[in-house]
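Chemist: Below you'll find the structure I mean.
Numbering (the numbering used here), first residue to last: 3 to 415.
Here is the structure:
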């Protein structure tokens, strides 16, 4: 078959509150809806969520909120145009197509942003909906009915684990209030993601971060919980010096929180120049990791885990990163990008198949949509499997039954 056309639509989802991290905020989530059309009458559609602040803070700062999202949307359309006229069959693997397509698309991203320094993560984020469409086409081309059947052999082997449950991780961003955190704990949540890297100078940020983690920690240890409470801290590259990070860890140790930290994600910005092998918590890479080569480089610098974002960096790039990390026996987990339910299911299909984290005896998946989308209830109700057990966490975990694996969470519907 041949790709003969495409369509691109944009949905602007309102948020309940401004979404804060990296010392900044955004007020709405732009979701691209990409459609690819083939010459034999086949049409596939897939969503992608745009995350300008997460993927490239410099671009976010240089433009108004809508402006940054428009740039990403233009990149998505440019990539779709490049595919028109291409033949597509059972040998047309999306990960290989993306690799061939990426240099031209990234050059276009440099042009429209007027920045030779635009991050590859920014371009990958713009390509999520297109990549998702390509995987749907690939599934149809090879006759795959499930996520397992769709995966190429090299990836199917490493993602052969089928978890019966994974931990649900809500996000404690800057705007989340104490009463909401308390409600999460009373609902059974036992792994909390806390945003660090607040606004201001490095000293101001450090003081605010210490105040925030102490507030959250002291609140949660006063609440009777069914399981021990653990923390996943995310600095989003805001720490400029290792010394400042070590001071934070000393503070965590002093208040009794350090041993409960499962992951400290993305403390430093940009290329690896800081060795973290002597830091007494697991350091994970996220948005600064843009390729499998970056995975290898981070491992050499002492990183001991990686946040994987199929809905943030494309499924294709994510699979390659998992394969590289696993070749070094380094664990991976799935983090959110303020996903709508349809994209959360793409993430969940990957998270469900990752090896368990030893400390938790299960893997985990961040999902922050319920706490941030104004219309989350309606979005869940519009899901093709609304009411399914896996869509909403129960006592701190997502329960993944045979029905989930049989329909792959509804991603092909």
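Every residue, glycine too, gets a C-beta built ideally from N, C-alpha and C. Please read all numbers here as calculations on a predicted model, not as lab measurements.
1. What does the alpha-carbon distance come out to for the pair residue 219 and residue 259?
2. Are residue 334 and residue 327 closer than 7 Å when you measure CB to CB?
3. Are the beta-carbon atoms belonging to residue 34 and residue 78 less than 7 Å from one another?
4. Does the Cβ of residue 330 have 16 or more other Cβ atoms within 10 Å, making it buried, or fewer, making it exposed?
5. What separation, rounded to the nearest whole angstrom, lies between the Cα atoms of residue 16 and residue 341?
6. Would you call the stretch 198-216 in contact with the stretch 161-173, where contact means no fewer than 3 C-beta pairs closer than 8 Å?
7. Can you confirm whether the stretch 220-234 touches the stretch 268-278 when touching is taken to mean that 3 or more C-beta pairs between the two stretches lie within less than 8 Å?
8. Since residue 265 sits in a beta bridge, which residues does DSSP pair it with?
9. Residues bridged to residue 257 by DSSP?
10. Starting from residue 195, follow its DSSP beta bridges and name the residues at the other end.
11. Three or more C-beta pairs closer than 8 Å, one from the stretch 345-360 and one from the stretch 181-193: is that the case here?
12. Alpha carbon to alpha carbon, how far is residue 313 from residue 127?
13. Once you ignore the five residues that flank residue 134 on each side, which residues in its own chain have a CB closer than 6 Å to its CB?
14. Let me check one thing: in DSSP terms, what residues is residue 5 bridge-paired to?
15. Terminal residues of the continuous alpha helix (DSSP H) containing residue 224?
16. With a threshold of 8 Å, are at least 3 pairs of Cβ atoms found where one atom belongs to the stretch 389-396 and the other to the stretch 112-122?
Modeler: Looking at the atomic coordinates:
1. In this model, residue 219 and residue 259 are separated by some 7 Å (Cα to Cα).
2. The Cβ-Cβ distance between residue 334 and residue 327 falls below 7 Å.
3. Yes. Within cutoff.
4. The residue in question, residue 330, is exposed, as its Cβ has fewer than 16 Cβ neighbours within 10 Å.
5. The C-alpha of residue 16 lies about 13 Å from the C-alpha of residue 341.
6. Fewer than three Cβ pairs drawn from the stretch 198-216 and the stretch 161-173 lie within less than 8 Å of each other, which leaves the two stretches out of contact.
7. Here the stretch 268-278 makes no contact with the stretch 220-234; the two share fewer than three CB pairs at distances below 8 Å.
8. DSSP lists 234 as partners of residue 265.
9. Its beta-bridge partners do not exist; DSSP assigns none.
10. In the DSSP assignment, residue 195 is bridged to 173 and 234.
11. Short answer: they don't touch.
12. Near 8 Å, if we compare the C-alpha coordinates of residue 127 and residue 313.
13. In its chain, beyond the 5 residues on either side, 48 have a beta carbon closer than 6 Å to the beta carbon of residue 134.
14. As a beta-bridge residue in DSSP terms, residue 5 pairs with 40.
15. Per DSSP, residue 224 belongs to no alpha helix (DSSP H) and is neither H nor E.
16. In short, these stretches do not touch, since the Cβ pair count stays below three.
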